[in-house]
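Let me begin by presenting the structure, written as structure tokens, before commenting on it.
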Amino acid sequence: MSPDQLSTTFFALADPTRRAILAKLSSGEASVTELAEPFEMSLPAVSKHLKVLERAGLVARSREAQWRPCQLEAGPLKNVAEWVEHYRRFWTDSFDRLDDYLHELKTKENKRGRKQRTRQSGKPLGRA
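If you read the sequence shown in the numbering used here, its first letter stands for residue 8, the second for the next number, and so on.
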């Protein structure tokens with residue numbers, strides 16, 4: 008995914024109304040009228056949100072006689088998830104290193120023969 012496409016997708020996801028529309032579409036096709044029901048806004052305002060989602064490739068509209076159903080196109084969301092995954096791994100690795108370091112400190116403390124601190128209840132502090 009190009010950075011510009013990623014930016015377009017994030018822009019579309021930045022608005023809570025558009026995220027709510029996507030959530031509704033995740034359960035199946037819906038008309039603009041159905042999508043507008045939970046919001047206190049006009050149909051043209053909902054249509055503007057849909058155009059932003061369409062430009063980002065997150066929504067597709069088809070035509071069945073007079074009915075123009077909208078449906079979720081999840082491909083760009085997969086690309087966002089892949090981009091975010093890199094940072095999830097970073098945080099997971101960072102927390103794992105911190106956990107290893109704290110465990111190492113505790114082991115060194117116990118080897119020095121320090122008395123383990125306890126709570127008033129008599130239970131030891133620290134790791135379970």
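We treat Cβ as the ideally placed atom computed from N, Cα and C, and that holds for glycine.
Compare the C-alpha of residue i against each of the options and name the closest.
i: L65; options: E116, F18, D107; result: F18
i: D22; options: E47, S101, E116, H56; result: H56
Determine, using beta carbons only, whether residue i and residue j come nearer to each other than 7 Å.
i: Q78; j: E36; result: yes
i: T24; j: A63; result: no
i: V4; j: V39; result: In this structure the chain extends from 8 to 135, so residue 4 is not present and cannot be described.
i: A67; j: E80; result: yes
When we look at the beta-carbon of residue i and count the other beta-carbons within 10 Å, is it buried (16 or more) or exposed?
i: L29; result: buried
i: H93; result: exposed
i: P51; result: exposed
i: P45; result: exposed
i: H110; result: exposed
i: L105; result: exposed
Under the DSSP definition of a beta bridge, which residues are partnered with residue i?
i: R68; result: C77
i: A37; result: C77
Kindly give me the distance between the Cβ atoms of residue i and residue j, rounded to whole angstroms, as I take these residues to be in contact under 8 Å.
i: L42; j: K31; result: 6 Å
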